[in-house]
Amino acid sequence: MKKISLFIYLIHLFFAQSSDVETSGDIIQLAIPASGLLAALILDDGEGQKEFAYSFATAVIFTHLMKRIVPSKRPNSDNTQSYISGHTAAAFQGAAFIHFRYGLKSAIIPYLAATFVGYSRVYSKQHHISDVFRGCAVGILSSYIFTSEFAEPNISIDIGEKSAKLSAFINF
């Protein structure tokens, strides 16, 4: 998980050097959820893969539905699909999935990167700060609703002089 977080951070540094904040945000908003899904795949975490799919789909569908229901002009144009920042929703969905599934320590860098994505949307005048906060809330809530803590089975064997015991602890 640390390697994935470091990868996201290095992507940010690489693109931040080009001084193109908007492009960096565009890339990082995809890299964060991809790293959450990649972690579930690497850990052979089938339940996590399903939970990721449900939370990601919920965040994307809800965001795009609200953009059409609640018209709100973007700061830089007459486009009326500003109401919720989809980039921020995706980024925070990925960071929150990592947090709720694999722990807060694993999610610190993804949360920082997601915050940068929100900043990039305001900086590039694609969204108002309120749109970014709504995207943050949608992403976190979708992961909160669908994501459970990852718990590997804990199996132990206790061998005594006259007996042997096999114990398995599984969290549901």
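Residue 1263 in my numbering sits at position 157 of the sequence shown; the count goes up by one each step and never skips. By construction, the Cβ of each residue, glycine as well, lies at the ideal position given by its N, Cα and C atoms.
Beta-carbon to beta-carbon, SER1249 and ALA1196 are separated by about 11 Å, too far to satisfy the 8 Å threshold.
With fewer than 16 other Cβ atoms inside 10 Å of its own Cβ, TYR1229 counts as exposed. Annotation for GLN1155: the continuous alpha helix (DSSP H) segment containing it runs 1152–1175. Under DSSP, GLN1187 takes part in a beta bridge, and its partners are SER1178. The count of Cβ pairs closer than 8 Å, one atom from the segment 1168–1182 and one from the segment 1218–1226, stays below three, leaving the stretches out of contact.
Taking a contact as a CB-CB distance under 8 Å, the pair GLY1131 and HIS1170 does not count as one, their CB atoms being some 18 Å apart. Beyond the five residues adjoining it in sequence on each side, PRO1139 comes within less than 8 Å, by CB distance, of PHE1158, PHE1162, ALA1196, ALA1197, GLN1199, GLY1200, PHE1203 in the same chain, given in chain order.
A direct Cα-Cα distance of roughly 7 Å separates HIS1234 from ARG1180.
For GLY1154, the number of other beta carbons within 10 angstroms of its own is at least 16, and it is reported as buried. Scanning LEU1247, SER1254, ILE1265 for the CA closest to the CA of THR1164 turns up LEU1247. Runs of the alpha helix (DSSP H) lying entirely within the segment 1207–1251, each at least 4 residues long, are 1210–1229 in chain order.
PHE1168 is a Cβ neighbour of VAL1244, given a cutoff of 8 Å. If the five residues before and after GLY1142 are omitted, its C-beta is found closer than 7 Å to the C-beta atoms of PHE1158, GLY1200, PHE1203, ILE1204, all from its own chain and listed in chain order.
Rounded to whole angstroms, ASP1150 and ASP1184 show a C-alpha spacing of 45 Å. Taking the Cβ atoms as the reference, TYR1217 lies roughly 18 Å from PHE1256, outside the contact range of under 8 Å. Here SER1191 has ARG1227, HIS1233, ASP1237, VAL1238, GLY1241 as same chain residues with Cβ atoms under 6 Å from its own Cβ, once five neighbours each way along the sequence are excluded.
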